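Enquirer:
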Amino acid sequence: MLGQAISMLLPKVVGYKLVGELDPLHLRSLGVVGKFVEFFGPGVSALSIADRATVANMCPEFGATLAHFPVDERSLQYLYQTSEIIFMFRYKSFTGKKVRFPKKSGNTI
-10 MLGQAISMLL
0 PKVVGYKLVG
10 ELDPLHLRSL
20 GVVGKFVEFF
30 GPGVSALSIA
40 DRATVANMCP
50 EFGATLAHFP
60 VDERSLQYLY
70 QTSEIIFMFR
80 YKSFTGKKVR
90 FPKKSGNTI
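Going by this note's numbering, the residue at position 18 of the sequence shown is 7; the numbering climbs one at a time, nothing skipped.
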């Protein structure tokens, strides 16, 4: 209804510093059930895009509602390789920077 306040419950966000290898059983023991899990730290850069997708899909196994990783050079490279045009528009709107790519595409936005 227009003009009326809406009450929303916001989920709790749990930061998980990844140092070394990931242990899903450790996540379950931390009590992440029903929460958002944000991975960060030096161990994130060691994970491939496929590994990150696998961990994100494992949320029901360790009880979390959602898991996400920060945008880094590896994820930007993946986006560039798989969906160049969409990536260029989103990256520009995300960073506000002009995007230049190798001669292959010949596109700048």
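The beta-carbon is built from N, C-alpha and C at its ideal position, and this holds for glycine as well. Source: prediction; values computed, not measured.
Between V3 and the rest of its own chain, which residues show a CB-CB distance below 6 angstroms, the 5 nearest in sequence each way excluded?
Expert: Cβ within range, chain order: V21, K24, V26.
Enquirer: Rounding to the nearest angstrom, what Cα-Cα distance links L14 and T54 in this structure?
Expert: Their backbone Cα atoms lie some 16 angstroms apart in a straight line.
Enquirer: Does DSSP put F51 in a helix, in a strand, or in coil?
Expert: Helix at F51.
Enquirer: Nearest-angstrom Cα distance between P31 and P0?
Expert: Whole-angstrom Cα-Cα distance: 26 angstroms.
Enquirer: Around the C-beta of V44, are 16 or more other C-beta atoms found within 10 angstroms, so that it is buried, or is it exposed?
Expert: Classification of V44: buried, given that the 10 Å Cβ count is 16 or more.
Enquirer: Take the Cβ of F29 as the centre, count every other Cβ of all protein chains shown within 10 Å, and call the residue buried at 16 or more, exposed below.
Expert: The residue is exposed, with fewer than 16 neighbouring Cβ atoms inside 10 Å.
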